[in-house]
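Participant: In UniProt numbering, the protein residues as written are 1 to 173.
C-beta: ideal position from N, C-alpha, C; glycine also.
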Amino acid sequence: MENNPSSSSRTDRKFIEQNRRNHLKDLFFKLNSVVPHQSSREAISRPDQIGEATNYIKNLQIKLEKMKEKKNNLIDIKRSKNVSMNMGLLKSPQFKIQQMGSTLEVFLITGLDCQFMFNETVRVLQEEGSDVVNASYTVVENEVFHTIHCHQVGESANGALRISEKLKKYFNG
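This is the structure in structure tokens:
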């Protein structure tokens, strides 16, 4: 039997076309597996699958752009806060503790956006066995001046020092 060159060429083209179709089928399967679908039990045609994938990718691009914008806004806020702190507009919290026998007076100065530091100061005082008797504050421009009066329970000569160290650690990181 003679090998017919045209027959061999047709077989090669057939084989190449079959491989191309199998490759496309595999690619459609992969695409379909990564795109979330509605809970439809019906088979979806390939053009519809491609349409769904296209819409899904477009939605992902929109979400990505929104997230990038949000990230940039947060970075801008952080930068402006850092600039404000460097210019002295926002001050890091300051405190002073005076001990007179079993009585402590804590003076705390914070910015308007740092009210949580007052709560943390009271928590530290209570952890160290102090009973808060009175607390007051005054707002002057962008600063809040807190005054906390408390009694120390038990004999603790180093109470003010321990409280001061805990507050320094908390406020300064």
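With residue 188 and L108 assumed to form a contact (beta carbons below 8 Å), what rounded beta-carbon distance in angstroms separates them?
Facilitator: Here the chain has residues from 1 to 173 only, and residue 188 is not among them.
Participant: Can you list, in chain order, the residues of its chain whose CB lies under 6 Å from that of M1, leaving out five sequence neighbours each side?
Facilitator: The sequence position of residue 1 within the sequence shown is 1, counting from 1. Note on M1: pLDDT 47, under 50, position unreliable in the model; the coordinate value appears next. Taken in chain order, the list of residues that qualify is empty.
Participant: On the DSSP bridge list, what partners appear for S98?
Facilitator: Numbered from its first residue, the sequence shown carries residue 98 at position 98. Note that residue 98 corresponds to Gln in the displayed sequence, not to Ser. Note: Q98 sits in a beta bridge opposite E105.
Participant: Using the Cα positions of Q49 and L64, report the straight-line distance between them to the nearest angstrom.
Facilitator: By 1-based counting over the sequence shown, the position of residue 49 is 49. By 1-based counting over the sequence shown, the position of residue 64 is 64. Near 22 Å, if we compare the C-alpha coordinates of L64 and Q49.
Participant: Given that a residue counts as buried once 16 or more other Cβ atoms are within 10 Å of its Cβ, and exposed if not, what is Q18?
Facilitator: Reading the sequence shown from its first residue, position 18 is the one you call residue 18. The residue is exposed, with fewer than 16 neighbouring Cβ atoms inside 10 Å.
Participant: Taking all protein chains shown into account, decide if S136 is buried (16 or more other Cβ within 10 angstroms of its Cβ) or exposed.
Facilitator: By one-based count along the sequence shown, residue 136 stands at place 136. When all chains shown are included, S136 counts as exposed.
Participant: Counting C-beta neighbours from all protein chains within 10 Å, is the total for S130 16 or more, i.e. buried, or is it exposed?
Facilitator: The residue you call residue 130 lines up with position 130 of the sequence shown. Counting Cβ neighbours within 10 Å, S130 comes out buried, since at least 16 surround it.
Participant: Can you round the beta-carbon distance between F29 and R46 to whole angstroms, since I take them to be within the 8 Å contact cut?
Facilitator: What you label residue 29 is simply residue 29 of the sequence shown in a count that begins at 1. What you label residue 46 is simply residue 46 of the sequence shown in a count that begins at 1. Actually they are not in contact, since the Cβ atoms of F29 and R46 sit about 11 Å apart, beyond 8 Å.
Participant: If the criterion is Cβ atoms closer than 8 Å, does the pair P93 and M117 meet it?
Facilitator: Taking the sequence shown and counting its residues from 1, one reaches residue 93 at position 93. Taking the sequence shown and counting its residues from 1, one reaches residue 117 at position 117. In contact: P93 and M117 (Cβ atoms closer than 8 Å).
Participant: Taking the Cβ atom as the reference point for each residue, do Y170 and E105 lie within a distance shorter than 8 Å?
Facilitator: As a position in the sequence shown, residue 170 is number 170, starting the count at 1. As a position in the sequence shown, residue 105 is number 105, starting the count at 1. Not closer than 8 Å, so no.
Participant: Which residues in the same chain as H151 place their Cβ atom closer than 8 Å to its Cβ, once the five residues preceding and following it in sequence are excluded?
Facilitator: As a position in the sequence shown, residue 151 is number 151, starting the count at 1. Same-chain partners within the cutoff: S102, T103, L104, S130, D131, V133.
Participant: For V122, collect the residues of the same chain with a Cβ closer than 8 Å to its Cβ; drop the 5 residues on either side in sequence, then sort them by chain order.
Facilitator: Reading the sequence shown from its first residue, position 122 is the one you call residue 122. Result list for V122: V132, A135, I148, in chain order.
Participant: Considering only the alpha carbon of each residue, which of E127, D113, V35 lies closest to L167?
Facilitator: Here residue 167 refers to the residue found at position 167 when the sequence shown is read from its first residue. Here the closest residue by C-alpha is E127.
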